[in-house]
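Here is the structure we will look at, set down as structure tokens.
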RNA sequence: GGAGGGGUGGCCGAGCGGUCAAUGGCAGCAGACUGUAAAUCUGCCGGACUUUGUCCUACGAAGGUUCAAAUCCUUCCCCCUCCA
């Protein structure tokens, strides 16, 4: 297993993308011949993907870079059912309109990671939507053509089902059908696009294996499945939680600056692993950077932040984020690119209590939270600790351009701009 | 359909007439120490306000008993287990 014929499988192993794989040798053959057409399915439960999805997106990226073809499948149809994998409770059902809106927002994220146009001899990536075929299905034909290949005995042993049953959590018949639909997706993509592999997170193993089997039974095709590990931080926490919640890929949800900051704050012990997974940097460069110790590893973190942000938001945004961070943290200067909130000049001329300013800046969810923050010594105005939560903030605190810097702690900064 | 058990804050989980905005743990936020790291220690952790206090909302839902209810009663909804 040490030697791979294909660049694709070699890269995946070297960089730590592989958790489980159905038929590694045969998959390697396909990849080496450039005949791999692989898909990853994405739920449309939110209007943005987050970094939890990033590992699989990076796999699609490598797939394309190594001469094979990626398919990003939008779960327009399966989202109507709800995947029970890894869930104790039934997902909330979304309306068709919500799903469509989410799908439209998610699509844009992919454009930065994979190419949907064939350029430089690369195969163009494909974006598909399983609503295109799932919405058309008829119950009896589906049962006869697809359902007969599934054994309920087998389905009951699948983690997604078994865990629910063992914990006495309800599992609706609707959800029970999810794996059948996902398996059918695989077959349908094989028919339409010659797709022969599916990738996903480790929680998708069961669903993927069922699809591989269905392909063999219905179409006599050899399909492959590969899962990537669940990425946790060195301290064991599930990755991707920040103050504001998930680390989103859409800039409307999370600014490129905050995205950069997320990576910049990576734990020391994770730097090398994350650079392998979330950047294109060559391995020898990564090896050099991760060896940095003590305060020097901060340089490696900046590289990680820049590269990861460049992939997601583009080179320009990454540069701006890095520059904003440099000014803010290294010079203590006021950088224009910090997240900015506009406040009417007249309001500031009258003066606002400090707690309200923190709330307006989005640094506290309520006035009470802002007051607590200040009482606890975490509220800052132009880098000076705010002494009293009712201290008035006025235009006198603004610089020549009418900007005031407010902060929650030492790391989260927002500009208030008088307009 | 019958019998029993249960639904508490983001999650887990105590409380079972007043001292309950509700013990504890996790998660989160801030402070100290540092390197925008980890670990550790400290504080905070429903909301509004004229903040050592007052008011509002909240223990599945709606009613009721009581000076007083997360705690008692009634009805309803939902979940689980066993039986049919």
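Residue numbers (the numbering used here): 1 to 419.
Ideal Cβ placement from N, Cα and C applies to all residues, glycine included.
Under 9 Å between C-beta atoms of residue i and residue j
| i | j | result |
| --- | --- | --- |
| residue 77 | residue 223 | no |
| residue 342 | residue 324 | no |
| residue 81 | residue 178 | yes |
| residue 377 | residue 370 | no |
| residue 399 | residue 332 | no |
| residue 95 | residue 44 | no |
| residue 66 | residue 31 | yes |
| residue 197 | residue 38 | yes |
| residue 117 | residue 218 | no |
| residue 350 | residue 403 | no |
| residue 353 | residue 309 | no |
| residue 190 | residue 221 | yes |
| residue 53 | residue 205 | no |
| residue 420 | residue 210 | No statement about residue 420 is possible, as the shown extent of the chain runs from 1 to 419 and does not include it. |
| residue 10 | residue 17 | no |
| residue 208 | residue 194 | no |
| residue 428 | residue 394 | In this structure the chain extends from 1 to 419, so residue 428 is not present and cannot be described. |
| residue 268 | residue 230 | no |
| residue 213 | residue 183 | yes |
| residue 83 | residue 133 | no |
| residue 411 | residue 265 | yes |
| residue 199 | residue 227 | yes |
Enclosing alpha helix (DSSP H) for residue i [first to last residue]
| i | result |
| --- | --- |
| residue 181 | 178-193 |
| residue 64 | 54-65 |
| residue 209 | 205-219 |
| residue 35 | Looking at the DSSP string, residue 35 is not in any alpha helix (DSSP H), and its letter there is neither H nor E. |
| residue 9 | 7-15 |
| residue 143 | 139-145 |
| residue 357 | 354-360 |
Unbroken beta strand (DSSP E) run spanning residue i, endpoints
| i | result |
| --- | --- |
| residue 302 | Looking at the DSSP string, residue 302 is not in any beta strand (DSSP E); the run it does join, the alpha helix (DSSP H), is 297-313. |
| residue 24 | Taken as a continuous stretch (DSSP letters only), residue 24 belongs to no beta strand (DSSP E), being part of the alpha helix (DSSP H) at 24-32. |
| residue 342 | 340-343 |
| residue 72 | 69-74 |
| residue 373 | Premise fails: residue 373 lies in the alpha helix (DSSP H), 367-375, not in any beta strand (DSSP E). |
Cβ-Cβ separation, residue j to residue i (assumed contact under 8 Å), whole Å
| i | j | result |
| --- | --- | --- |
| residue 259 | residue 312 | 6 Å |
| residue 201 | residue 56 | 7 Å |
| residue 358 | residue 408 | 7 Å |
| residue 114 | residue 36 | Not confirmed; about 14 Å, so no contact. |
| residue 50 | residue 248 | 5 Å |
| residue 314 | residue 112 | 6 Å |
| residue 290 | residue 271 | 5 Å |
| residue 363 | residue 406 | 7 Å |
For residue i, the three-state DSSP class (helix, strand or coil)
| i | result |
| --- | --- |
| residue 129 | strand |
| residue 407 | strand |
| residue 412 | strand |
| residue 280 | coil |
| residue 201 | strand |
| residue 50 | strand |
| residue 98 | helix |
| residue 110 | helix |
| residue 83 | coil |
| residue 115 | coil |
| residue 274 | helix |
| residue 422 | Since the displayed the chain opens at 1 and closes at 419, residue 422 lies outside it and no answer follows. |
| residue 384 | strand |
| residue 243 | With a pLDDT of only 49 at residue 243, under 50, the local geometry of the prediction cannot be trusted, and no value is derived from it. |
| residue 150 | coil |
| residue 162 | helix |
| residue 4 | coil |
| residue 227 | strand |
| residue 261 | helix |
| residue 379 | strand |
| residue 232 | strand |
| residue 418 | strand |
| residue 364 | coil |
| residue 392 | strand |
| residue 348 | helix |
Are there three or more Cβ pairs, one per stretch, closer than 8 Å when the region 112-130 is compared with the region 140-147?
Two segments are said to touch when three or more pairs of C-beta atoms, one from each, lie closer than 8 Å; by this definition the region 112-130 does not touch the region 140-147.
Quick test of the definition: if touching needs 3 or more C-beta pairs under 8 Å, does the region 58-73 touch the region 106-126?
yes
Can at least three beta-carbon pairs, one atom from the region 277-289 and one from the region 303-320, be found at a separation below 8 Å?
yes
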